[in-house]
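S.K.:
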Amino acid sequence: MRNIALLRIFTFTLGFVVAHSTMNGNVDDPVAALVAARTAVSDTEGKGDLRKEHDAMTKLVSAELLCGSREDVLRSSLRALDLSRALGDPRMIALDLRNVSVAFARNGQYAMAEKEARNALAMAVPLKEFDLSAELLHFLVGVLLKNDKLDEAQRVTEEALRLADGSSDERNKALGWADMARVLAAQGKNSDALTILAKSHRSLAKDGTPRDRFNIELEQARVLVAMQHAGKAGSLLDGLDEYVLTLKEPEALREVDALRYEWALQQGRTDLALERLQRIKATDDSLRMAQDGHAMAALRVLHDLERHEKDNAELRASNEQKEVTIAEQRIGNRLLMVLVASLIIAIVALVLSSIFILRIVKRVRLKNAVIRRQHDEIQAKHVELQRQNKRLTETLISEEEKEVLLREIHHRIKNNLQVVDSLLGIQMGQHGDPILERGFREAQGRVRSMAMVHETIYKATTSHQNSLHEHLNKLTRSILVTYGVHDRISVQVDIAPIDLPEDQLLPLTLLVNELLTNSVKYAFEGRESGHVHVVLRPAGERFELIFSDDGIGKETEAVVGRGHGISFGTELISILAKQLNGELRELRGSGTAISMVFGPLPQPLRIAS
8 MRNIALLRIF TFTLGFVVAH STMNGNVDDP VAALVAARTA VSDTEGKGDL RKEHDAMTKL
68 VSAELLCGSR EDVLRSSLRA LDLSRALGDP RMIALDLRNV SVAFARNGQY AMAEKEARNA
128 LAMAVPLKEF DLSAELLHFL VGVLLKNDKL DEAQRVTEEA LRLADGSSDE RNKALGWADM
188 ARVLAAQGKN SDALTILAKS HRSLAKDGTP RDRFNIELEQ ARVLVAMQHA GKAGSLLDGL
248 DEYVLTLKEP EALREVDALR YEWALQQGRT DLALERLQRI KATDDSLRMA QDGHAMAALR
308 VLHDLERHEK DNAELRASNE QKEVTIAEQR IGNRLLMVLV ASLIIAIVAL VLSSIFILRI
368 VKRVRLKNAV IRRQHDEIQA KHVELQRQNK RLTETLISEE EKEVLLREIH HRIKNNLQVV
428 DSLLGIQMGQ HGDPILERGF REAQGRVRSM AMVHETIYKA TTSHQNSLHE HLNKLTRSIL
488 VTYGVHDRIS VQVDIAPIDL PEDQLLPLTL LVNELLTNSV KYAFEGRESG HVHVVLRPAG
548 ERFELIFSDD GIGKETEAVV GRGHGISFGT ELISILAKQL NGELRELRGS GTAISMVFGP
608 LPQPLRIAS
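Just so we're aligned, residue 8 is where the sequence shown starts under our numbering, counting upward by one.
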């Protein structure tokens, strides 16, 4: 059922694009539209007016889509894209990229369709045209759903909803909610999808088109069938049968029949299921026959058109040949006079050129002498550059070997720390003492933190990227999952774009690990939920770490060293702060709030070489 839903969503999106592209064309007679478009392309091609040629090519793309010419529509859409790029019009480029995406999808190349849909959206966003951006976001969601990229489809849908919040267009907002519901349904979250579809339906009932309302009610029925709510689904399907009579679209009839077939199978009504299956087959046959008929008619018309153009070309060639013959006769009458005049001019030119050539020879000899001297100098410089390049190459090879060795060291350290983590986990399972188990768990957390640091450094040296924000996010998630509180304690990590040295990454990671572990253990005793906020930002030439939670503040004194007893974790926090050349201080406020300004580390003295 999930695959059928995805196919339904993608078909709806492509249908929307085709309808938008052909809104000015002769949709009732696709063959006539194709002939008119072909004629327009022939009339404008090679005339120098790129905009008219692009308009004609766009109409040809729309006509070929209606006639089902898959290969032709891909070729025409790519040609239209070349013309829009030559014109330099970003809006035209965005729309042509969308048409190219549709063409790839029609040819079964869904990966290329997704790529071109992304390119279309990237071109449209800087234009700040809300309607265009919303349309392309809506289209991209359908492509992503077809490619089964549900998480990314959800992200794009959320972006579309944020864009719609800044507009007064209620229809686009409702369509955005409908996209979100489809994504949730594809993820199996049918209850959430049903709630959002109800919200979208209320809005589209006032601002949407009949096709919009049909699509929403169809999705509601699909979700209800998936949830096995037979009564509600049956009522909606009855209403959709009436909608189909109003829309008069075979595609809509097929979608309702397919869903009614699933519903009938759930209810065990095999007679109704068989009836709907036969209707689906009849609709498919009708659509296929209509498409084949359009294609055959288009081929016949195009054949006649090409034959007519061939006859015209032969007639034009005959006329041109006659004109050439007349021109040759006129040229023959003047040829003798031109020949005599040319002979006189040639003799005069020969004398003058001889004098000029003698002067040039003298100048060339002087220039050749200068060029030989410059060539010798350049050759000497070239030899010197080759020596320098050889020395530079040897130096670069040595640096690359060092970098490979460092990456291997970090990778092996990470693997060894993971082995230690596994051994601690095995040892922890052999004791029933809660105190020992807590100690082992804390040791595991510290070992995992160090392993994450080496993994981050290894990935940074491999991909030349070092995302401190991603690293700390991964660390906090690991701690919450380890203590089983990820469903009631949330962590917000705000990291400024800074370049933290690798020698400060390990102590900083262990420090955040200890602070978050203390909050998880002590700050939220007797509470159902909590929030932790971690901030890292520049502070002049140094960096500032702010750690805060909305707990009971029980662990603050232990962290800053004012408690009666100092635990190993507290002592470790103090050591790590000193190692970072920083000092912990308590901030006022509810819960725990700790600040530390640290770095840069003192530079060690180097031995002179």
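Even for Gly, the Cβ is constructed at its ideal location relative to N, Cα and C. Because the structure is a prediction, the values reported are computed rather than measured.
If we define contact as Cβ-Cβ less than 8 Å, is Ala40 a contact residue for chain C?
M.R.: The structure shown contains no chain C, having only a single protein chain.
S.K.: Could you tell me the alpha carbon to alpha carbon distance between Ser574 and Ser597, rounded to whole angstroms?
M.R.: Those two C-alpha atoms are separated by around 23 Å.
S.K.: Return the Cβ separation of Met64 and Val48 in integer angstroms, given the expectation that the two are a contact with Cβ distance under 8 Å.
M.R.: Indeed they touch by this definition, with Cβ atoms about 6 Å apart.
S.K.: Could you check where the beta strand (DSSP E) with Val163 kicks off and where it finishes?
M.R.: Run containing Val163: none in the beta strand (DSSP E); it sits in the alpha helix (DSSP H), Leu157 to Asp172.
S.K.: From Leu211 to Thr202, what does the alpha carbon distance come to, in whole angstroms?
M.R.: Straight-line Cα distance between these residues: approximately 15 Å.
S.K.: Would you call the segment 500–519 and the segment 542–552 touching, i.e. three or more CB-CB distances under 8 Å?
M.R.: Result yes; three or more Cβ-Cβ pairs closer than 8 Å.
S.K.: Straight-line CA distance for Glu262 to Asp248?
M.R.: Near 10 Å, if we compare the C-alpha coordinates of Asp248 and Glu262.
S.K.: Restricting to Cα atoms, I'd like to know which of Leu168, His478 and Leu41 is closest to Leu182.
M.R.: Among Leu168, His478 and Leu41, the Cα nearest to that of Leu182 is on Leu168.
S.K.: Is Gln499 helix, strand or coil by DSSP?
M.R.: Gln499: strand per DSSP, three-state reduction.
S.K.: Would you say Val190 and Leu143 are within 8 Å of each other, going by their C-beta atoms?
M.R.: No, these two residues do not count as a Cβ contact at 8 Å.
S.K.: Using DSSP with H/G/I as helix, E/B as strand and the rest coil, what is Val604?
M.R.: Here Val604 sits in strand by DSSP.
S.K.: From this set, Ala205, Val232 and Arg92, which residue's C-alpha is nearest Arg220's C-alpha?
M.R.: Out of Ala205, Val232 and Arg92, Ala205 has the C-alpha closest to the C-alpha of Arg220.
S.K.: Output yes or no for whether 8 Å exceeds the beta carbon distance between Ala141 and Leu104.
M.R.: Contact flag unset, no.
S.K.: How should Gln395 be labelled, buried or exposed, when 16 other C-beta atoms within 10 angstroms of its C-beta is the threshold for buried?
M.R.: Gln395 is exposed by the Cβ-count criterion.
S.K.: Terminal residues of the continuous alpha helix (DSSP H) containing Ser536?
M.R.: Element bounds for Ser536: n/a, residue is neither H nor E.
S.K.: For Asn197, which option in Glu226, Ile486 and Asp176 has the closest C-alpha, if you only look at C-alpha atoms?
M.R.: With distances taken between Cα atoms, Asn197 lies closest to Glu226.
S.K.: Suppose you measure from the CA of Gln393 to the CA of Ile378; what does that come to, to the nearest Å?
M.R.: Taking the straight line from one Cα to the other gives about 22 Å.
S.K.: In terms of alpha-carbon separation, which member of Thr489, Leu266, Glu330 and Leu522 lies closest to Val232?
M.R.: The option with the nearest alpha carbon to Val232 is Leu266.
S.K.: Are there three or more Cβ pairs, one per stretch, closer than 8 Å when the segment 51–59 is compared with the segment 87–99?
M.R.: At 8 Å Cβ cutoff, the stretches touch.
S.K.: What whole-angstrom Cβ distance do Leu487 and His493 have, given they're in contact under 8 Å?
M.R.: That belief holds up - the Cβ atoms of Leu487 and His493 are roughly 4 Å apart, short of 8 Å.
S.K.: Comparing C-alpha positions only, which one of Thr164, Pro97 and Pro441 sits nearest to Lys135?
M.R.: It is Pro97.
S.K.: Can you say whether Arg283 is buried or exposed, counting buried as having 16 or more other CB atoms within 10 angstroms of its CB?
M.R.: When all chains shown are included, Arg283 counts as buried.
S.K.: Runs of 4 residues minimum, wholly inside the segment 46–102: which ones carry the alpha helix (DSSP H) assignment?
M.R.: Segments of the alpha helix (DSSP H) lying fully in the segment 46–102: 57–74 and 77–94.
S.K.: Taking the C-alpha atoms as reference points, what is the distance between Asp199 and Asp501?
M.R.: Rounded to the nearest angstrom, the two C-alpha atoms are 30 Å apart.
S.K.: Short of 6 Å in beta carbon distance, which residues of its chain neighbour Tyr250, apart from the five on each side in sequence? Order them along the chain.
M.R.: These residues qualify, in order along the chain: Phe221.
S.K.: Rounded to the nearest angstrom, what separates Ile385 and Thr400 at their Cα positions?
M.R.: Looking at the two C-alpha atoms, the distance is approximately 22 Å.
S.K.: Going by DSSP, what residues sit across from Asp556 in a beta bridge?
M.R.: Note: Asp556 sits in a beta bridge opposite Val539 and Thr599.
S.K.: Where do the ends of the beta strand (DSSP E) carrying Arg592 lie?
M.R.: Here the beta strand (DSSP E) through Arg592 covers Glu590 to Glu593.
S.K.: Quick check: Ala185 and Leu152, are their CB atoms within less than 8 Å of each other?
M.R.: For Ala185 and Leu152, no; Cβs fall outside 8 Å.
S.K.: Let's see if you can read the secondary structure: which residues bound the alpha helix (DSSP H) around Tyr582?
M.R.: Correcting the residue identity first, residue 582 is Ile in this sequence and not Tyr. Ile582 -> alpha helix (DSSP H) spans Phe575 to Gln586.
S.K.: So for Glu548, helix, strand or coil by DSSP?
M.R.: Looking at Glu548 - three-state DSSP - the assignment turns out to be coil, as it is neither helix nor strand.
S.K.: Helix, strand or coil: how does DSSP classify Ile367 here?
M.R.: Correct three-state label for Ile367: helix.
S.K.: Looking at the unbroken alpha helix (DSSP H) that takes in Val230, where does it start and where does it end?
M.R.: Its alpha helix (DSSP H) spans residues Pro217 to Ala233.
S.K.: If you run the structure through DSSP and keep just helix, strand and coil, what is Pro504?
M.R.: Coil, per DSSP.
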